[in-house]
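Contents: one structure, followed by commentary.
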Amino acid sequence: MSQRIGQQATNVWIWTILISMAAAVSLLLIWSGAREMATHGRADTISIIQFTIGVVSLVLVVKAIMDISRMREELSKEKVLGPIVTVVQCLDCNTKMERTFKDGEYVGKLTGENCRNCGSSKVIVKLIYTKTSRSE
Amino acid sequence: MQFANTQDWLQWILFFVLIAIFQFYANKLQVWKWMNDINNALLKLERYLNDASASFIEEASKYNKDRGAIEETLKKIKGYFLIEPVSLDPSGILRRLEHLLDELRESLDAHLTRLLPGIGVHRRADMRCLVEGIIILDQIYRVVRHYYILGKKTQNLIYIAQIQMQLPEILRIAKAYWSSGEAFRRGTPVGDSIGPLVALKLIGNSEVQELAYGTVGAEIEVEGRKVMVIKANGPGGEVGKPGEAIKRVIESRSGAIHRIIMIDAALKLEGELSAEIAEGVGAAIGDPGPEKWKIEDVAARYGIPLDSIVIKEDLTDAITIMKPEIAKAADEVVKRIKEAIVERTRPGDYVVVAGIGNSVGVGNREEI
Ligand SMILES: [Zn+2]
Numbered sequence: 001m002s003q004r005i006g007q008q009a010t011n012v013w014i015w016t017i018l019i020s021m022a023a024a025v026s027l028l029l030i031w032s033g034a035r036e037m038a039t040h041g042r043a044d045t046i047s048i049i050q051f052t053i054g055v056v057s058l059v060l061v062v063k064a065i066m067d068i069s070r071m072r073e074e075l076s077k078e079k080v081l082g083p084i085v086t087v088v089q090c091l092d093c094n095t096k097m098e099r100t101f102k103d104g105e106y107v108g109k110l111t112g113e114n115c116r117n118c119g120s121s122k123v124i125v126k127l128i129y130t131k132t133s134r135s136e
Numbered sequence: 001m002q003f004a005n006t007q008d009w010l011q012w013i014l015f016f017v018l019i020a021i022f023q024f025y026a027n028k029l030q031v032w033k034w035m036n037d038i039n040n041a042l043l044k045l046e047r048y049l050n051d052a053s054a055s056f057i058e059e060a061s062k063y064n065k066d067r068g069a070i071e072e073t074l075k076k077i078k079g080y081f082l083i084e085p086v087s088l089d090p091s092g093i094l095r096r097l098e099h100l101l102d103e104l105r106e107s108l109d110a111h112l113t114r115l116l117p118g119i120g121v122h123r124r125a126d127m128r129c130l131v132e133g134i135i136i137l138d139q140i141y142r143v144v145r146h147y148y149i150l151g152k153k154t155q156n157l158i159y160i161a162q163i164q165m166q167l168p169e170i171l172r173i174a175k176a177y178w179s180s181g182e183a184f185r186r187g188t189p190v191g192d193s194i195g196p197l198v199a200l201k202l203i204g205n206s207e208v209q210e211l212a213y214g215t216v217g218a219e220i221e222v223e224g225r226k227v228m229v230i231k232a233n234g235p236g237g238e239v240g241k242p243g244e245a246i247k248r249v250i251e252s253r254s255g256a257i258h259r260i261i262m263i264d265a266a267l268k269l270e271g272e273l274s275a276e277i278a279e280g281v282g283a284a285i286g287d288p289g290p291e292k293w294k295i296e297d298v299a300a301r302y303g304i305p306l307d308s309i310v311i312k313e314d315l316t317d318a319i320t321i322m323k324p325e326i327a328k329a330a331d332e333v334v335k336r337i338k339e340a341i342v343e344r345t346r347p348g349d350y351v352v353v354a355g356i357g358n359s360v361g362v363g364n365r366e367e368i
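If you read the protein sequences in the order shown, they are chains A and B.
When we follow my numbering, the leftmost residue of the first sequence carries the number 1, and every step to the right adds one.
When we follow my numbering, the leftmost residue of the second sequence carries the number 1, and every step to the right adds one.
The following block contains the structure:
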């Protein structure tokens with residue numbers, strides 16, 4: 001499988017080279033088409049074609065760059081699942097409190113903490129959820 | 001058409017040659033792009049799989065210091081498969097399927113118990129869910145790789161196209177299973193736990209008893225009606241056998257049950273709101289068949305009305321850490337169940353309420 005990982009690295013290089021080449025060619029086409037039109041003072045078929053192909057390929061290049069950068073961004077964002085919160089409630093005075101989730105906690109568990117409001121030890125976990133709502 | 005000089009001629013010829021080349025190689029370019037897409041997807045799938053495996057190994061090494069043994073067992077479990085019972089002779093197919101599903105679960109449990117000495121039943125259930133996620137990710141990875149290599153070998157556009165076009169959906173499912181690992185690793189409720197969560201809210205601090213494998217229940221009272229509330233045995237990642245439990249409760253009372261109300265997470269359609277609550281009739285349960293069949297069978301046999309309340313979620317929400325809007329729907333569902341009991345039954349009646357779903361991160365009662 002390490003072979004495929006290497007393949008990704010080469011792919012990145014190939015893409016970079018291809019994209020910069022395409023960008024160079026399209027800029028060249030636009031420049032030469034525009035120059036032709038300017039010197040002749042009129043738009044002949046060849047220069048129009050050159051100019052159009054140049055513009056179209058430039059748009060494609062920009063789109064490719066955007067695609068790649070979006071892919072990158074998604075990769076780095078993936079690990080983030082959002083903070084997990086625990087809602088605890090005191091059964092004596094009904095005070096609710098939200099705090100970070102601790103491993104081993106589950107809904108209905110007697111936390112063993114004392115209520116901040118009345119000092120009662122009847123504090124149970126009411127809810128556990130992630131702060132992040134649906135992103136998509 | 002007039003040509004001013006030979007340079008124009010040359011440019012025209014070059015232009016047409018270029019177009020001709022693109023005509024002939026359009027297919028090749030298409031294949032090349034699609035193969036590249038599949039390759040990228042494959043890399044992503046591989047990362048999901050490796051990451052899920054790594055988090056299993058990390059969690060398992062808290063119970064067993066021998067990393068080699070863990071990796072060995074994981075490798076063995078990854079290839080686990082279930083051959084579905086023959087459907088040519090449909091009689092008793094659900095019983096046969098149930099038997100196979102039980103056996104699959106038991107053998108996974110046996111592997112985990114051997115590998116992770118001293119692990120409790122709840123934590124073991126979490127680990128089983130983690131492993132089941134890895135099995136699915138592994139399967140997805142293998143299938144995509146199969147078509148990738150097949151496409152490469154044959155250059156057959158059909159093979160390549162059919163996998164390339166499904167990639168977004170495949171990646172979405174894989175991502176859902178990959179991110180579900182975090183919930184089972186840390187033991188937090190998932191979207192599918194809404195059923196057990198609602199059951200817990202009803203049970204309050206009443207004592208529970210075991211009704212069937214991995215399934216518990218508690219008798220409570222709602223406005224003069226006796227209500228048996230059933231849920232999977234938490235707080236481990238267990239779904240239990242709610243069908244068996246309901247069947248046993250009904251049979252133990254010789255069918256003297258006035259209504260069954262089931263609560264479950266249901267897959268939402270695109271465009272529907274997440275955590276939307278809907279009511280209907282029928283057995284709301286998403287098992288492969290046996291449990292649903294038992295409930296329908298026993299309800300029909302004794303003529304017991306079967307109601308359902310579902311909470312709409314999509315796949316990702318259902319198997320990843322519970323989202324706030326779903327968690328907040330629980331109180332509303334409890335209210336609706338109480339309303340349904342008051343409206344549709346009389347005082348003195350006996351009602352069964354079953355909170356279907358994975359009980360990860362949800363205890364059996366308020367421990368007080
Ligand atoms: Zn208090």
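Cβ atoms here follow ideal geometry from the backbone N, Cα and C, with glycine treated the same way.
Distance between beta carbons of S308 (chain B) and V281 (chain B), contact taken as under 8 Å: Taking the first residue of the second sequence as 1, we reach residue 281 (chain B) at position 281. Taking the first residue of the second sequence as 1, we reach residue 308 (chain B) at position 308. V281 (chain B) to S308 (chain B), Cβ: 7 Å. Contact.
Any 3 or more C-beta pairs closer than 8 Å across the stretch 147–164 of chain B and the stretch 212–220 of chain B: no
Residues near D37 (chain B) by beta carbon distance below 7 Å, same chain, minus five either side: Working through the second sequence from its first residue, we reach residue 37 (chain B) at position 37. For D37 (chain B), the CB contacts under 7 Å within the same chain, skipping 5 residues up- and downstream, are Q164 and L167 in chain order.
Within 8 Å, strictly: CB atoms of V239 (chain B) and G217 (chain B): On the second sequence, residue 239 (chain B) is found 239 positions in, with the first residue counted as 1. On the second sequence, residue 217 (chain B) is found 217 positions in, with the first residue counted as 1. In this structure, G217 (chain B) does not lie closer than 8 Å to V239 (chain B) by Cβ.
Helix, strand or coil at T113 (chain B) [DSSP, three-state]: In the second sequence, residue 113 (chain B) corresponds to position 113, counting from 1. In the structure shown, T113 (chain B) sits in a helix (DSSP, three-state: H, G or I).
Three-way DSSP call (helix, strand, coil) for V25 (chain A) in this model: As a first step, residue 25 (chain A) must be located in the first sequence, where it is residue number 25. Three-state DSSP puts V25 (chain A) in a helix.
Pairwise C-alpha distance: N233 (chain B) and V121 (chain B): As a first step, residue 121 (chain B) is located in the second sequence; it is residue number 121 there, counting from the start. As a first step, residue 233 (chain B) is located in the second sequence; it is residue number 233 there, counting from the start. Distance between the alpha carbons of V121 (chain B) and N233 (chain B): 10 Å.
Chain D within 8 Å of G355 (chain B), Cβ atoms only: Looking for chain D here will not work: the only protein chains present are A and B.
Below-8 Å beta-carbon distance, L110 (chain A) vs any chain B residue: The residue you call residue 110 (chain A) lines up with position 110 of the first sequence. Yes, L110 (chain A) lies at the interface with chain B (some Cβ there is under 8 Å from its Cβ).
Residues that DSSP places opposite L313 (chain B) in a beta bridge: On the second sequence, position 313 is the one that residue 313 (chain B) refers to. The displayed chain sequence assigns Glu, not Leu, to residue 313 (chain B). Beta-bridge pairing links E313 (chain B) to B:L267.
Pocket of ligand 1 defined by Cβ to heavy atom distance under 6 Å: A:C90, A:D92, A:C93, A:T95, A:C115, A:N117, A:C118 and A:S120
Interface residues of chain A facing L369 (chain B) [CB-CB closer than 8 Å]: Nothing can be reported for residue 369 (chain B), as the shown portion of chain B is limited to 1 through 368.
Three-state class that DSSP yields for T100 (chain A) in the structure shown: Here residue 100 (chain A) is taken as the residue at index 100 of the first sequence, counted from 1. Of the three classes helix, strand and coil, the one that applies to T100 (chain A) here is strand, per DSSP.
Alpha carbon of L115 (chain B) to alpha carbon of I134 (chain B), nearest angstrom: Reading the second sequence from its first residue, position 115 is the one you call residue 115 (chain B). Reading the second sequence from its first residue, position 134 is the one you call residue 134 (chain B). Whole-angstrom Cα-Cα distance: 17 Å.
Contact list for P288 (chain B) against chain A, beta-carbon separation under 9 Å: The sequence position of residue 288 (chain B) within the second sequence is 288, counting from 1. The contacting residues do not exist; P288 (chain B) stays about 27 Å from chain A at best.
Span of the alpha helix (DSSP H) around V342 (chain B): Taking the first residue of the second sequence as position 1, residue 342 (chain B) is located at position 342. Unbroken alpha helix (DSSP H) run through V342 (chain B): P324 to R344.
S2 (chain A) at chain B interface by Cβ criterion, 8 Å: Along the first sequence, one-based indexing puts residue 2 (chain A) at 2. In this prediction, S2 (chain A) scores a pLDDT of 39, lower than 50, which makes its location untrustworthy; no coordinate-derived value is stated.
Under 9 Å by beta carbon: chain A residues contacting L200 (chain B): Here residue 200 (chain B) refers to the residue found at position 200 when the second sequence is read from its first residue. Those are V107 and G108, listed as they occur along chain A.
Residue interval of the beta strand (DSSP E) (run including K62 (chain B)): Translated into positions along the second sequence, residue 62 (chain B) becomes position 62. Here K62 (chain B) belongs to no beta strand (DSSP E), and DSSP marks it neither H nor E.
C-beta contact flag for I304 (chain B) and V333 (chain B) at 8 Å: Mapped onto the second sequence, residue 304 (chain B) falls at position 304. Mapped onto the second sequence, residue 333 (chain B) falls at position 333. In this structure, V333 (chain B) does not lie closer than 8 Å to I304 (chain B) by Cβ.
Contact set between the stretch 179–209 of chain B and chain A, restricted to residues whose Cβ is under 7 Å from the partner: S179, E182, R186, G187, T188, P189, L197 and L200
Which of helix, strand or coil DSSP assigns to A275 (chain B): Sequence index remark: in the second sequence, residue 275 (chain B) carries index 275 (1-based). Here A275 (chain B) sits in coil by DSSP.
Three-state secondary structure (DSSP) of T132 (chain A): One-based indexing of the first sequence puts residue 132 (chain A) at position 132. In this structure, T132 (chain A) counts as coil in the three-state DSSP scheme.
Cutoff 8 Å: G363 (chain B) Cβ touching any chain A Cβ: Numbered from its first residue, the second sequence carries residue 363 (chain B) at position 363. So yes, G363 (chain B) belongs to the interface.
Where L127 (chain A) meets chain B, residues with beta-carbon distance less than 7 Å: In the first sequence, counting from the first residue as 1, residue 127 (chain A) sits at position 127. Simply A327.
Helix, strand or coil at K109 (chain A) [DSSP, three-state]: One-based indexing of the first sequence puts residue 109 (chain A) at position 109. Note: K109 (chain A) maps to coil in three-state DSSP.
C90 (chain A) - partner residues in DSSP beta bridges: By 1-based counting over the first sequence, the position of residue 90 (chain A) is 90. DSSP output for C90 (chain A) lists A:V123 as bridge partner(s).
Limits of the unbroken alpha helix (DSSP H) element including T378 (chain B): No information on residue 378 (chain B) is available, as it lies outside the stretch 1 to 368 that chain B covers here.
CA-to-CA distance, E84 (chain B) to L112 (chain B), given in whole angstroms: In the second sequence, residue 112 (chain B) corresponds to position 112, counting from 1. In the second sequence, residue 84 (chain B) corresponds to position 84, counting from 1. Cα to Cα, the separation comes out at about 24 Å.
Simplified DSSP state of Y213 (chain B), which is helix, strand or coil: Counted from its first residue, the second sequence places residue 213 (chain B) at position 213. DSSP places Y213 (chain B) in coil when its eight states are reduced to three.
Buried or exposed (CB count within 10 angstroms, at least 16 for buried), K109 (chain A): Locating residue 109 (chain A) in the first sequence gives position 109, counting from the first residue. K109 (chain A) should be labelled buried.
Contact with chain B by L91 (chain A), beta-carbon distance below 8 Å: Counted from its first residue, the first sequence places residue 91 (chain A) at position 91. Output row for L91 (chain A): interface = yes.
Of the residues A:H40, A:K63 and A:L28, the one placed nearest T52 (chain A), counting alpha carbons only: Within the first sequence, the letter at position 52 stands for residue 52 (chain A). Nearest of A:H40, A:K63 and A:L28 to T52 (chain A), Cα basis: A:L28.
Nearest-angstrom Cα separation, counted from I84 (chain A) out to L114 (chain A): Taking the first residue of the first sequence as 1, we reach residue 114 (chain A) at position 114. Taking the first residue of the first sequence as 1, we reach residue 84 (chain A) at position 84. Strictly speaking, residue 114 (chain A) in this sequence is Asn, with Leu absent from that position. Cα to Cα, N114 (chain A) sits roughly 21 Å from I84 (chain A).
Backbone CA spacing between R124 (chain B) and S193 (chain B) [nearest angstrom]: Counting from one through the second sequence, the residue named residue 124 (chain B) turns up at place 124. Counting from one through the second sequence, the residue named residue 193 (chain B) turns up at place 193. Answer to the nearest angstrom: the Cα atoms are 17 Å apart.
Cβ-Cβ separation, V61 (chain A) to I14 (chain A) (assumed contact under 8 Å), whole Å: Taking the first sequence and counting its residues from 1, the one referred to as residue 14 (chain A) is at position 14. Taking the first sequence and counting its residues from 1, the one referred to as residue 61 (chain A) is at position 61. No, I14 (chain A) and V61 (chain A) are not in contact; Cβ-Cβ is about 15 Å, not under 8 Å.
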